[in-house]
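In what follows, a structure is listed as structure tokens, so that the remarks can point back to it.
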Amino acid sequence: MLPTFLKAALRNFRKYPGYAFLNLTGLAVGLAASFVLLLYAYRELTYDQQYPGGERIYRIATDFYRMGGFAKSQEQLLDVLPQECPDIELATRFERGFRETPVAVGNTIYQEPRYFFIDTNYFELFPHHFLEGSPAQAMRSPGEVVLSEHLARKYFGEESALGKTIEIGKEKKPCTVVAVVRERDKTHLQAGLWLPLELPEERNSAWTNVSYYNYVRLKEQGSREGLERSLQAILKNHAWPASQSESTFEQWAAANQAVQFFVQPLKDIYLHSEYKFEVSPGGNPTQVYALGLIGLFIILIAGVNYVNLTTARTSIRAKEVGVKKTLGAPRAALVRQFLGESAVNSLLALGLAFVLAHALSVIFAGAAWAPLLKAAFSRPLYLGALLIFALAVGFLSGLYPAFYLTRFRPVNILKGETALGGNKLLRGSLVVGQFAIAIGLITSSIVVFQQLKYMQNKDKGFEMEGVLVIENAGMLDGQAETFRQELAQQSQVVRAAFSGRLPTDGSVWMYTYRTPEMAEALTIQTFPVDAEAIPTLGMRLLEGRNFSREIASDSTAAILNEAAVRALGLEEPIGAEINEGQRVIGVVHDFNFQSLKHKVEPVVMTYTATGGRLALKLQGQDMAGFLSTLQDTWKRFSPDEPLRYFFLDDNFAQLAASERTLGRAIAAFTLLALLIACLGLFGLAAFTAEQRTKEIGIRKILGASVASLVGLLSKDFLKLVALALFIALPLAWYAMQRWLQNFAYRIGIEWWVLALAAGLALLIAFLTVSVQSVRVATGNPVEALRSE
Amino acid sequence: MIRTKDLKKVYRTEEVETTALNDVSVEIKAGEFVSIMGPSGCGKSTLLNILGLIDNPSGGEYHFLDKEVSGFSERQRSQLRKNNIGFIFQSFNLIDELTVFENVELPLIYTKVSSGERKKRVEAMLDKMNMMHRRNHFPQQLSGGQQQRVAVARAIVNDPKLILADEPTGNLDSANGDDVMKTLVHLNSEGATIIMVTHSQYCAEFGNRIIRLLDGQVVTESMVAKQML
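Chains A and B are the protein sequences, given in the same order. The numbers in our numbering rise by one with no breaks, and the one at position 274 of the first sequence is 274. Position in the second sequence (from 1) plus 788 gives the number in our numbering.
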């Protein structure tokens, strides 16, 4: 026996299938989309919170010569810090594998990108669940390895991995598996293999080095201030003396070359660390906040639909309420009934969302968001959260209709004196709110895409199309030049250049420079390049000349970019002397070697005959053929080391990857939000049109044209959308201005973007409402009046 | 003015087919005041709707002002309707959201009369109907008789050649009903052609001809001896 309210809810669906469809679809899509977005935001915001005492864990980052800060810090830091700082309970240092390493298991060789070299404290500070072995036994001696559950399965299947030997690295170092641990989710410390860290016998004595990631956990009574004080003491007692500076500690600490320490709380690292050499790529806070906010917006829009569609149907339900009240039903019971209906509705929507989510995660199995969607709708924990979420949405959106509908006095209802259709002002405001959100999202989408396009098309000061970079050309040593000459004979190769570093490759080379006039040296980005690099990369010389192999003195010459000329204060750059004996021979146009978020920094290019990277400017047909020739040639020169290369433009595109994801996500969810808002508007327009059927009939008989009637019916809604425009456009403009501040190179928001968003919103709203208006306006007026 | 030949109207729903009008042939000359009578469901209102160009016949011919209009599109009918026909309904059918003045003004808006002219004509009409003092009231604030007077004002503000009235006294007490009938007779004497559907023999006799319908067919036509008012 179903409770009455459930039966009533189900019968309502059968009786008004169109209404039920709108209500359910909107709510289902809203529930699914917002839950996934909120889950995503929640996950990103709660990284690294699962470690015990995590709020007392800090990482020590450092900087010197004002290079911009490093996530790693000094090799010798933990030799002195724990003694210096009574607040510290436990400290660990570790190193991350620089690039993927071969792992031989029997005859199979795997390439593993994520592995750490850790000390014995690591698993104590960052506890993992040990499936095999124990923390006490792990990492006691070289030749041991701890595997993640995932890799243990990959290597050994269902067999126990404990005690097995795998060979790691090119040198095939045999290592015994001493433990298998469960990987941790949601942590910036992502690794699949853990190897013992071998500290050097002789520690570095200079404090201008970064070697290890240094983490500490403070005692419960310890404080961040205490840690910072101790680090200050280390600067004074160790770093300053080691610098052999002749100035006082205070002078030294204020100067450019001074060492600095930064204390980062563990939970801030994933989203907010912007230091170089980060353990793993961090999250993007803008993206997290934006998508989380959109998630909230979507569920708001969907909830508002429910409120609007339900109260609009007051006329239908009022009589039921009146009769029940007359028969003696207490108001509380009626409120319970409506809340119950709303909850049932929400659960049905959840069911639909469930089907929808599974269908989507199957259809788009390859998409980046598919796993999250699947997890949201399958993990028991999330399912529980989802159920509570759906019920909460059902309850909250049912609250107003429940109290509104049960408020009337039965005598008035039965006499038909109720103001039909609920509170118009409230419904109007809710529609304004919905559309304000949708308009804000439309505006943001347009601006994000414009900025992305701008970043793609902006003159970067060098040409990256068709430039292939061999990353490990440095391996070839003495044979490098021969290798280059051999490749240069290929018809596809226009030019080939050696360099130590290329734009976008993520490496950091910095050096201090000063002119004779300068009191203090500046730390400036350095690009060691050969004589071919400038033409190969299509950089533009503004003054002077390129390096030349024929001129011996060029080995100490320098070419500056415009920013460096300004930074060094050179009036006449050509022929100027920097760093005692280096002559400036040319000036190149500024070029973007980092993401466009960053302003072009000063660059000094120095001459090198060879270098770790070989850039090939390619053109013409048969790239596949060329790539296979390249592989063959490489094999002859370096049979053991695999060729590693990338295309420069791919790499540059990678720098804007998170912005592109954000753009796509905003666009997709904008469409969703708009769709849900339109569903609500559609339903509302249907009810309004129904309410005004009589009026429309009379006007028609009196000779009103269809167009004038459609105008009449649409006008009220368009007024609401216009009001929403006034609210949303300034806010969206402001928010997008803020977002654009993230970019050193950015577009301005032009008036037509706002006009376009406004036009789109009005057009979409008009089309939605028109479907209903046209239906009513073209109906037979006789029918309209008969319905009286 | 009006001539129909074998006019048919059939309503279809999924299950049943109902014949509302069956081969109705009538002729109404300009200046006549014709009452249509008959029991509920005999097709009176259907005939009135077709004659008033708000519904299309399923078959037969309909000549209005010497034009065959049975095949006219909604747009063409609307054009003829707003320039030539005024409607009075049993339930008044005033628009609740508009004031008395605005309700009466509506037909003039749809015939594109300038706003100054509209004001003049609406005010003259409200004056004539003795409703000037209520011009800014809304329909719910009026009595039934007052509402019908506004409805009549709206029907004739455009000087229609033909006035159609569907049970104009049905929702009124006898005093107010008499008022409406007197107005209609007066309009008829000024040259308007009137077709009125009614249940009441008393009202029907205000006209000069009565057409009786039964089950969609004309059963009798009779002339009414002119009464002195």
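No residue lacks a Cβ here, since even glycine has one placed at the ideal position from N, Cα and C.
Would you check if the distance between the CB atom of residue 209 of chain A and the CB atom of residue 111 of chain A is smaller than 8 Å?
Their beta carbons are not under 8 Å apart, which means residue 209 of chain A does not touch residue 111 of chain A by this criterion.
Against chain A, does residue 937 of chain B count as a neighbour if the rule is that its beta carbon must be under 8 Å from one of theirs?
For residue 937 of chain B, no CB of chain A lies under 8 Å from its own CB, so it is not counted at the interface with that chain.
Classification of residue 207 of chain A by the beta-carbon crowding that lies within 10 angstroms, buried from 16 upward:
Buried, since its Cβ has 16 or more Cβ neighbours within 10 Å.
Suppose the cutoff is 7 Å on Cβ atoms and the five residues either side in sequence are ignored; what does the same chain contact list for residue 488 of chain A look like?
Within the same chain, residue 488 of chain A has close Cβ partners 496.
What's the gap between the Cα of residue 597 of chain A and the Cα of residue 114 of chain A?
Looking at the backbone, the Cα of residue 597 of chain A and that of residue 114 of chain A are separated by about 28 Å.
Residue 437 of chain A vs residue 676 of chain A beta-carbon contact at 8 Å:
Taking 8 Å as the Cβ cut-off, residue 437 of chain A and residue 676 of chain A do not qualify as a contacting pair.
Can you list, in chain order, the residues of its chain whose CB lies under 8 Å from that of residue 618 of chain A, leaving out five sequence neighbours each side?
Excluding sequence neighbours, residue 618 of chain A sits near 466, 467, 468, 492, 493, 494, 626.
Interfacial residues, the region 678 to 710 of chain A to chain B, with Cβ spacing under 9 Å
Result list: 692, 694, 695, 697, 698, 699, 700, 701, 702, 703, 704, 705, 706, 708.
In angstroms with no decimal places, state the Cα-to-Cα distance between residue 306 of chain A and residue 196 of chain A.
Near 59 Å, if we compare the C-alpha coordinates of residue 196 of chain A and residue 306 of chain A.
Count Cβ pairs between the region 256 to 269 of chain A and the region 394 to 406 of chain A that sit closer than 8 Å; are there 3 or more?
Short answer: they don't touch.
For residue 917 of chain B, I'd like the list of residues in its chain whose CB is within less than 6 Å of its CB, leaving aside the five on either flank, ordered along the chain.
Counting only Cβ-Cβ distances below 6 Å, and skipping sequence neighbours, we find 937, 941.
Please look up how many angstroms separate the CB atoms of residue 902 of chain B and residue 705 of chain A, rounded, as I've assumed it's under 8 Å.
Going by Cβ atoms, the distance from residue 902 of chain B to residue 705 of chain A rounds to 18 Å, so no, they are not a contact pair.
C-alpha gap between residue 823 of chain B and residue 930 of chain B, whole angstroms
Residue 823 of chain B and residue 930 of chain B: Cα-Cα distance of roughly 28 Å.
Going along the chain, which unbroken runs of the alpha helix (DSSP H) with 4 or more residues stay wholly within the region 301 to 384 of chain A?
The region 301 to 384 of chain A contains these whole alpha helix (DSSP H) runs: 314 to 326, 331 to 363, 370 to 376.
Apart from the five residues on each side of it in sequence, which residues of its chain come closer than 7 Å, Cβ to Cβ, to residue 173 of chain A?
Around residue 173 of chain A: 167.
So is residue 787 of chain A buried or exposed if we call it buried at 16+ other beta carbons inside 10 Å?
Interpretation of residue 787 of chain A is limited by its pLDDT of 44, a score under 50 that renders its predicted location unreliable; no figure is taken from the coordinates.
Identified DSSP bridge partners for residue 148 of chain A
According to DSSP, residue 148 of chain A bridges with A:181.
Considering only residues of the same chain and omitting the five flanking positions on each side of residue 790 of chain A, which have a CB-CB separation below 8 Å?
This structure cannot settle anything about residue 790 of chain A, because the visible part of chain A is limited to 1 through 788.
What in chain B is Cβ-close to residue 782 of chain A, meaning under 8 Å?
Ordered by position in chain B, the residues that pass the 8 Å Cβ test against residue 782 of chain A are 837, 842, 843.
State buried or exposed for residue 700 of chain A, treating a residue as buried only when at least 16 other CB atoms are found within 10 Å of its CB.
Counting Cβ neighbours within 10 Å, residue 700 of chain A comes out buried, since at least 16 surround it.
Within the present structure, is the beta-carbon of residue 66 of chain A separated from the nearest heavy atom of the ligand PLP by less than 7 Å?
The model depicted lacks the ligand PLP and carries no ligand whatsoever.
With DSSP run on the structure shown, which of helix, strand or coil describes residue 294 of chain A?
The answer is helix: DSSP assigns residue 294 of chain A an H, G or I state.
Is the Cβ-Cβ distance between residue 720 of chain A and residue 435 of chain A less than 8 Å?
A distance below 8 Å separates the beta carbons of residue 720 of chain A and residue 435 of chain A.
Measuring alpha carbon to alpha carbon, tell me which residue in A:645, A:182, A:159, A:444 is nearest residue 150 of chain A.
Ranked by Cα distance from residue 150 of chain A, the first of A:645, A:182, A:159, A:444 is A:182.
With respect to the beta strand (DSSP E) encompassing residue 794 of chain B, which residues constitute its N-terminal and C-terminal limits?
Here the beta strand (DSSP E) through residue 794 of chain B covers 790 to 800.
Less than 7 Å between C-beta atoms, sequence neighbours within five positions excluded: which residues of the same chain meet that for residue 152 of chain A?
Cβ within range, chain order: 161, 180.
Could you compute how far the alpha carbon of residue 192 of chain A sits from the alpha carbon of residue 147 of chain A?
The C-alpha of residue 192 of chain A lies about 6 Å from the C-alpha of residue 147 of chain A.
What residues match up with residue 606 of chain A in a beta bridge as DSSP calls it?
Residue pairing by DSSP puts residue 606 of chain A in a beta bridge opposite A:528, A:558.
Kindly give me the distance between the Cβ atoms of residue 789 of chain A and residue 476 of chain A, rounded to whole angstroms, as I take these residues to be in contact under 8 Å.
In the structure as shown, chain A begins at 1 and stops at 788. Residue 789 of chain A is therefore absent and cannot be evaluated.
Residue 899 of chain B: contacting residues in chain A (beta-carbon distance under 8 Å):
Those within 8 Å of residue 899 of chain B in chain A are 703.
Sort out for me which residues DSSP pairs residue 260 of chain A with in a bridge.
Paired residues: A:63.
DSSP on residue 513 of chain A, reduced to helix/strand/coil?
Strand, per DSSP.
Between which two residues does the beta strand (DSSP E) containing residue 874 of chain B stretch?
Counting along the chain, residue 874 of chain B sits inside the beta strand (DSSP E) bounded by residues 873 to 876.
Under 8 Å by beta carbon: chain A residues contacting residue 895 of chain B:
Using a Cβ-Cβ cut-off of 8 Å, residue 895 of chain B is close to 702, 703 of chain A, given in chain order.
Which residues share a DSSP beta bridge with residue 95 of chain A?
The partner list for residue 95 of chain A (beta bridge, DSSP) reads A:117.
Do residue 1029 of chain B and residue 987 of chain B have their C-beta atoms within less than 8 Å of each other?
Given that chain B is displayed from residue 789 to residue 1017, the structure contains no residue 1029 of chain B and the question cannot be resolved.
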